[in-house]
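What follows is a single structure, written as structure tokens, with notes after it.
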């Protein structure tokens, strides 16, 4: 479980910060930050993280487009993606698995519980 | 000389008869007769004496020369004209008495005395016969009785009456008899006419009354109709009555505003003619269902004068006393604006709630991180303040989640994901979720569940259970107990304590078995008048206490929505020890129509 690298693609600085603190304090994984879709795709290709936490709503493009862009590249197509969403609940997004998304963590979440939630979803 | 007098007599008689015949009134005829007789005979007095049925008599008309007493208005006793004479006169006897005192005439002494007091010295008497009642004049003339006497008196001296004088008097009697018959006939006619007139007047009066009643009824009806029109015309909805042939029998003014056709033109028209073929195609099955006795409500987009509008139609069948449907009442409401504002409200709530989630996540996480103490230790007061911030954030989160849940359920965005689940497993999960909270409040959770399979949205049922448990824990005192049970209720068994005012279970739920979930607390209970209202949004029994407990006032409303989506029912009653028992039902697996649930 140790030594994982997590890429967070979220434009909210507050969210970036609490995720960084939450993960660092509980498990000590490395957290990479991207504030836009374009930056996220670039970072993912360059750094090849173990998991990407992707905010569904970003100013430049929505989560689905970013996901498709990631899946379109050989370097990034196998990196598991978990959606962070303010849209509620599974019932609204029943075809997550069809999209190739590994899971969804709804807002609001407690960043201290994130490593546990990620591990459960990815069976780490 | 003799021939001359005869001629003169004839002329006189003709003249008098003519005068008599100039009037139809008996009184005039009698008066003319006595006047003419007096003039011709130069008698001192001529009178018409009428015999009354009781034997007495009176003078009907009289002409008397000055200086002689008047007999008119005198009543004569029976003795004056004894009954014995009646018969004789009726046979036509006439008397010409030259001297009343002459015993040769055989007048009774008393009678002589009687006439002498009026100065009568000689008299001439002829009978007047009255025809008896008959239908025709001829019949009446053939059948006569004594009506009275025409009498001439001579007072200045005795008088030898000449034969022509007697003859003249006799001849005059005939027209009088005829006049009497005419009078009688006339009287009879008049009486008949009067009776007929009375009958006609009566009929007329009755008719008038009937007409008046009809007019009043008509007026009342007109007023009622006008009032009804006034009311229905003032309403901004379509109100109509449609008969079994699908033709309009009543329309209010809104039809004109909506469709541009006056109610008069719409009356009697078929629905298809008014709404057009395309619209009627969608309308037809609903109309047929309404005429088959169903209450129908549906929405349809319709092109009206004002453009394309969303209209809600309601059809309410009109039942005859013999249980057949005679027609239906149509009510149509433009809900375009209503829907639009509803959608704006939903979007606004959704937007606000979603926008709140991101900062709340940061706040929530930041506080939790601070609370770990990894960022450095706070003073006791600092920790207290941090705890307040943390709890308030939790509460804010719950509120946002509840608002979103309710809004999603109400707007229909929430789709149930029904699947087979088990009552015991749901109870166990709910207890696991709520155990930390129960411990925190010092409340013991006791659960018992039968192994029952049900077809339900597991998340929904779990949310209902945890909401109810959360309330039960919050309102129970430290050291209190909260019981949670799930039991199977066979179809035949009625629910204990189900309140009378609760809506009836839907047909699916009443015909089969249901699972009954019960959550009982040891709290203060809920006043009877609040037991229905607590399921309404934002309703709290004790608002200040609820706020202290962190309640949103939405939990029970959400529970009710979820249970109702399962065709179940939820209610609250009092526990014997004063706590509350919340009960809800969910139909068991076998009783669910799968198609209906997936719809």
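Residue numbers (the numbering used here), protein chains in the order written: chain A, 1 to 124; chain B, 1 to 599.
Beta carbons are placed, not taken as given, at the ideal position from N, Cα and C, and that holds for glycine.
Alpha carbon of residue 437 of chain B to alpha carbon of residue 470 of chain B, nearest angstrom
8 Å
Residue 243 of chain B to residue 302 of chain B span [Cα, whole Å]:
22 Å
C-alpha distance - residue 484 of chain B paired with residue 518 of chain B, whole-angstrom precision
6 Å
Against chain B: residues of the region 5-20 of chain A by CB proximity under 8 Å
12, 14, 15, 17, 18, 19
Report buried or exposed for residue 112 of chain A, applying the criterion of at least 16 other Cβ atoms within 10 angstroms of its Cβ.
buried
Where does residue 90 of chain A sit, in a helix, a strand or coil, going by DSSP?
At residue 90 of chain A the pLDDT is 40, less than 50, meaning the model places this residue with poor confidence and gives no usable figure here.
Uninterrupted beta strand (DSSP E) stretches inside the region 320-405 of chain B (no shorter than 3 residues):
325-334
Interfacial residues, the region 435-464 of chain B to chain A, with Cβ spacing under 7 Å:
none
Assuming residue 14 of chain A is part of the alpha helix (DSSP H), what are its boundary residues?
13-26
What did DSSP end up calling residue 421 of chain B once you bin it into helix, strand or coil?
strand
Name, please, each residue of chain B whose Cβ falls closer than 7 Å to the Cβ of residue 22 of chain A.
365, 369
Assuming residue 149 of chain B and residue 131 of chain B are in contact, meaning their beta carbons sit under 8 Å apart, how far apart are those beta carbons, in whole angstroms?
So it is not a contact: roughly 17 Å between Cβ atoms.
Output the boundary residues of the alpha helix (DSSP H) element that contains residue 212 of chain B.
163-234
Thinking just about the alpha-carbon of each residue, which of B/9, B/355, B/214, B/458 is nearest to the one in residue 563 of chain B?
B/458
Using a Cβ-Cβ distance under 7 Å, would residue 580 of chain B count as near chain A?
no
Which residues does DSSP list as the beta-bridge partners of residue 48 of chain B?
B/61, B/150
Chain A residues whose Cβ lies nearer than 7 Å to that of residue 236 of chain B:
Result: empty, since nearest Cβ-Cβ is about 37 Å, beyond 7 Å.
Is the CB-CB distance between residue 183 of chain B and residue 158 of chain B below 7 Å?
no
Between the C-alpha atoms of residue 68 of chain B and residue 199 of chain B, what's the straight-line distance to the nearest angstrom?
51 Å
Whole-number beta carbon distance between residue 63 of chain A and residue 82 of chain A, since they are thought to touch under 8 Å
Incorrect: roughly 11 Å between the Cβ atoms, too far for contact.
For residue 460 of chain B and residue 405 of chain B, the rounded distance between their alpha carbons:
10 Å
Under the rule that 16 or more other beta-carbon atoms within 10 Å means buried, what is residue 379 of chain B, buried or exposed?
exposed
To which residues does DSSP link residue 483 of chain B through a beta bridge?
B/446, B/520
Residue 73 of chain A (DSSP reduced to helix, strand or coil)
coil
Among the candidates B/151, B/22, B/117, whose CA atom is the shortest distance from the CA of residue 45 of chain B?
B/151
Going along the chain, which residues of its own chain have a beta-carbon closer than 6 Å to the beta-carbon of residue 317 of chain B, five neighbours each way excluded?
290, 293, 325, 328
Restricting to Cα atoms, I'd like to know which of A/11, A/20, A/61, A/13 is closest to residue 5 of chain A.
A/20
Straight-line gap, residue 462 of chain B to residue 338 of chain B (C-alpha atoms, nearest Å)
34 Å
Alpha-carbon spacing of residue 498 of chain B relative to residue 315 of chain B, whole angstroms
The pLDDT assigned to residue 498 of chain B is 48, lower than 50, so where the model puts this residue is not dependable; a value taken from the coordinates is nonetheless given after this. So the alpha carbons of these two residues sit roughly 32 Å apart.
Apart from the five residues just before and just after residue 217 of chain B, which ones in its own chain have a Cβ nearer than 6 Å to its Cβ?
none
Cβ closer than 9 Å: which chain B residues qualify as neighbours of residue 109 of chain A?
361, 364, 365
Three-state class that DSSP yields for residue 75 of chain B in the structure shown:
strand
Boundaries (first-last residue) of the beta strand (DSSP E) holding residue 464 of chain B:
Note, residue 464 of chain B: premise wrong, no beta strand (DSSP E); alpha helix (DSSP H) at 458-475.
Hey, quick one: how far does the alpha helix (DSSP H) through residue 283 of chain B stretch, first residue to last?
277-291
Reducing DSSP to helix, strand and coil, say where residue 105 of chain B ends up.
helix
Between residue 37 of chain A and the rest of its own chain, which residues show a CB-CB distance below 6 Å, the 5 nearest in sequence each way excluded?
58, 60, 61, 66
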